[in-house]
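There are 2 protein chains.
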Amino acid sequence: MTVRVGLLGCGVVGTEVARLLLTQGDELAARVGAPLELTGIAVRRPDRRRDPAIPAHLLTTDAEALVADVDVVVEVVGGIEPVRSLLLRAMASGASVVTANKALLAEDGPTLYEAAAEHGVDLYFEAAVAGAIPIVRPVRESLAGDRVERVLGIVNGTTNYVLDQMHSTGAGFDDAVEQAQALGYAEADPTADVEGFDAAAKAAILASLAFHTRVPLERVHREGITGVTAADVAAARASDTVVKLLAICERTTDPDGVSVRVHPTMIPRDHPLASVRGAFNAVFVEAAAAGPLMFYGQGAGGTPTAGAVLGDLVSAARHRVHGGLGPRESRYADLPTRPMGEVLTRYHVRLDVEDRPGVLEQVARVFAEHEVSIETLRQTVAGEQDDQATRRATLTIVTHTARDAALGATVDALAKLDVVDAVASVLRVMSD
Amino acid sequence: MTVRVGLLGCGVVGTEVARLLLTQGDELAARVGAPLELTGIAVRRPDRRRDPAIPAHLLTTDAEALVADVDVVVEVVGGIEPVRSLLLRAMASGASVVTANKALLAEDGPTLYEAAAEHGVDLYFEAAVAGAIPIVRPVRESLAGDRVERVLGIVNGTTNYVLDQMHSTGAGFDDAVEQAQALGYAEADPTADVEGFDAAAKAAILASLAFHTRVPLERVHREGITGVTAADVAAARASDTVVKLLAICERTTDPDGVSVRVHPTMIPRDHPLASVRGAFNAVFVEAAAAGPLMFYGQGAGGTPTAGAVLGDLVSAARHRVHGGLGPRESRYADLPTRPMGEVLTRYHVRLDVEDRPGVLEQVARVFAEHEVSIETLRQTVAGEQDDQATRRATLTIVTHTARDAALGATVDALAKLDVVDAVASVLRVMSD
């Protein structure tokens, strides 16, 4: 018996998948229990210049024919169409699917899951979240006997690199992005990364798996890092925290539900996620029985992603040889995704204010009116200020937990106070 | 259909497994696709006082009858016999096995693997290595398409707690152990932990999985932490490193093989493993495609271990319901385990020496005679020393990589030099 594999896409990841399949055949065969045969690689432009490791005779433009005649389809093209149609066709023809396509899974995962269930085939997608890091399989399988309470992920390497640069050099956002682009960590158009779109897709997938619930992408609250300033980073450092773009997936109670969101977050410097530097990714999971877990590694790159794809391919191929099926979609919990305004968060707010009696009372009243309780408040006066009438101070306030909408309204109201010159910085703080 | 589960053992972990099985039945049934029924709990003393969550009618002393009449046996007793016989009997009767028994797996894993293969049942053991941390499944399955080059594990919480205490308080070994005992992190007799026996068993299991090779426990080189002094820790801190008890499993070349060892190791402060504090565990994996990965979490404790056991139970039970089998023993690579003396390591050596011309030359000659190359050498003179004849200095030497036997012989020869008062500290340094 031979397991026939069709590859869709031959970019950076696809080339590496093909190379590993063609050069590590013996090892893979030993692990699968049967040889794997790469029967074709569907590409749009077969005449394009390619890595010499790719045999020209495997290239084809007829993706539809390829997927209908294999045991496993490996998809590393990306995007919604024509990929979705091809994968549905593959499954209808009885092929299992291994994909790295986070956009498609976040956008329309249920359609794929249902097709896999209907046709009795596997659907694996380890490479779609956090690249090389095994996180999909641990959440779906290792934690299958546990109850996940919260997932905190640094799932976008570009933004982690940019924020890490801002922290370590004091650079502003634009300079840090430029440097990331120069080093290949950011695209020429970095929108998908810096605006949090990439992280939001991964958050939707992670939350679905962790909470056995469908989480539509449009219910994921998304804020990128374009608004994070050097002053924010300096303020974070002053309070012994670091700013990270976190994908936060958590259970809510009263009412029961899940909250899924992506936004810049201040995390304590001694939290394991704080030490995730450069373009690395990490996913921190809090489970009822297991307690805190962290998974750390490279979140992107051709070879790491190809490694994750091959792990899935071995699993799918083993099922072809030995029988059995991987985990199905698990959505029995069916929890609602709560709107951001209702979610409990904490804010770190810095205000530039007049330094005179009564200011603090006015500020405190705004918090009280919105029923937001203050955890810490620190007032600092910058340098010597001779003129009594124009003395200025900075108030740094960290709130207790409150509904995000109330916190947002508090900040809006603070901005309107005469005694407040400016809201210098607003960042959410990681809750315990 | 109902999946019948028999539990062997009702200590801390067993009680928690039973409690979760009995209270989270609906969630587990949703994940398995069929209800799980706990049919019996084999104990030695059924009349012992137990957690009220444990129904007395489930307790039995007839473990042999229990394992012969279930679909899955969960074993949390520990030790070699009678457990091995019971598990073999269970598998012969067609039951899959979930075990947390690292001693049995390290001692006689092949017998269990072979029985599982012969009878077509599953053998899962996530909880046997690093407690709650999903590491067995990622290595066996997620990295199945990759090539693991090295595994570095902090796999014993007691020793990590003790070393962490020594680092953070400057305490000596005995004081730190006493404190660990007071807090419940160390047993009254801490031998199995502090002498590295526990870590060695886990290293043997991890190496077998990572390298597709049988690694007999007696081929694991083992050194505990009883010889680590406050001076060693101070020396480590001075060179911006931390001392950890590492389980190191690595491929060797020239000749091909694997090296598996447990010993105190200096690791750079900025390495992700250096930030693993207290009784936490972590496993750092270097794979050809994935690059560096780290898995972090709680390595022990009733509830975390029970969570890992239940994850395995869900997998084994799913196979009962939906067909299929988990991964088999993979030992096609069949690499020899190299003796410690031949392994390439690096040493950090501190010598108390006379401070006079010619001393450095004698020391350097000893290294040269053993063909050990020095990477860095630092000489420090403590305080004011008036008497020329008795001036003393400390030499801190870090070597390049060399055979461990040559390094050991170098240290022995140094100790015999007249100009060397004492070899104050010898620690291995993590290689790149």
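Residue numbers (this note's numbering), protein chains in the order written: chain R, 1007 to 1438; chain W, 1007 to 1438.
Just so you know, even glycine gets a beta-carbon here, dropped at the ideal spot from N, CA and C.
query: Below-8 Å beta-carbon distance, Gly1330(W) vs any chain R residue; result: yes
query: Nearest residue (CA-CA) to Arg1344(W), options Gln1030(W), Val1264(W), Val1417(W); result: Val1264(W)
query: Assigned secondary structure, Glu1229(W) (DSSP; H/G/I helix, E/B strand, else coil); result: coil
query: Residue-chain proximity (Leu1014(W), chain R), Cβ-Cβ < 8 Å; result: no
query: CB contact below 8 Å: Asp1427(W) versus chain R; result: no
query: Cβ pair Asn1287(R), Gly1307(R) closer than 8 Å; result: no
query: Min CB distance Ser1336(R) to chain W below 8 Å; result: yes
query: Leu1316(R) at chain W interface by Cβ criterion, 8 Å; result: yes
query: Proximal residues of chain R, C-beta to C-beta of Val1320(W) below 7 Å; result: Ala1150, Gly1151
query: Inter-stretch contact (C-beta, 8 Å, three-pair minimum) for the region 1362-1372 of chain W and the region 1323-1334 of chain W; result: no
query: Partners in chain R for His1325(W), counting only beta-carbon separations shorter than 8 Å; result: Gly1330
query: Residues from the region 1288-1302 of chain R in contact with chain W, defined by Cβ distance under 7 Å; result: Ala1293, Ala1295, Ala1296, Gly1297, Pro1298, Leu1299, Met1300, Phe1301, Tyr1302
query: Supposed contact pair Gly1137(W) and Ala1150(R) - C-beta distance, whole angstroms, cut 8 Å; result: That belief does not hold up - the Cβ atoms of Ala1150(R) and Gly1137(W) are roughly 17 Å apart, past 8 Å.
query: CB contact check: Leu1423(R) to chain A, cutoff 8 Å; result: Although the question refers to chain A, the structure presented lacks it and instead comprises the protein chains R and W.
query: Length of the line joining the Cα atoms of Arg1054(R) and Glu1087(R); result: 22 Å
query: Ala1241(W) to Val1082(W) span [Cα, whole Å]; result: 41 Å
query: Contact test: Leu1433(R) Cβ vs the ligand ATP heavy atom, cutoff 7 Å; result: Annotation note on the ligand ATP: not contained in the displayed structure, which lists no ligands.
query: Classification of Val1315(W) by the beta-carbon crowding that lies within 10 angstroms, buried from 16 upward; result: buried
query: Within 8 Å of chain W by C-beta, residues of the region 1133-1167 of chain R in sequence order; result: Ala1138, Ile1139, Pro1140, Arg1143, Pro1144, Glu1147, Ser1148, Leu1149, Ala1150, Gly1151, Asp1152, Arg1153
query: Chain-ordered neighbours of Pro1278(R) on chain W, where CB pairs are closer than 8 Å; result: Ser1281, Tyr1302
query: Best match in Phe1179(R), Asp1276(R), Leu1341(R) for proximity to Thr1258(R) [C-alpha to C-alpha]; result: Leu1341(R)
query: Sub-8 Å separation of Ala1205(R) and Asn1162(R) beta-carbons; result: yes
query: Inter-stretch contact at 8 Å, needing at least 3 Cβ pairs: the region 1141-1150 of chain R / the region 1283-1302 of chain R; result: yes
query: Amino acids of chain W, ordered along the chain, whose beta-carbon sits closer than 7 Å to that of Gly1313(R); result: Gly1151, Asp1152, Ala1293, Ala1295, Ala1296
query: Chain W contact residues for Thr1309(R), given Cβ-Cβ distances below 7 Å; result: Ala1295
query: Coarse secondary structure for Gln1304(R), derived from DSSP in three states; result: strand
query: Entirely enclosed alpha helix (DSSP H) segments - the region 1041-1127 of chain R, minimum 4 residues; result: 1069-1073, 1089-1098, 1108-1125
query: Cβ pair Ala1069(R), Leu1110(R) closer than 8 Å; result: no
query: Beta carbon proximity, Arg1472(W) to chain R, threshold 8 Å; result: No statement about residue 1472(W) is possible, as the shown extent of chain W runs from 1007 to 1438 and does not include it.
query: Rounded separation between Leu1383(W) and Arg1156(W) - CA only; result: 28 Å
query: Neighbour flag for Arg1362(R) against chain W, beta carbons, 8 Å; result: no
query: Residues near Met1172(W) in its chain [Cβ-Cβ closer than 6 Å; skip 5 each side]; result: Ala1182, Val1239
query: Asn1166(W): first and last residue of the uninterrupted alpha helix (DSSP H) it sits in; result: 1163-1175
query: Chain W residues whose Cβ lies nearer than 9 Å to that of Ala1036(R); result: His1218, Ser1336, Tyr1338, Ala1339
query: CB contact below 8 Å: Leu1189(W) versus chain R; result: no
query: Where His1063(R) falls, given that 16 or more other Cβ within 10 Å makes a residue buried; result: exposed
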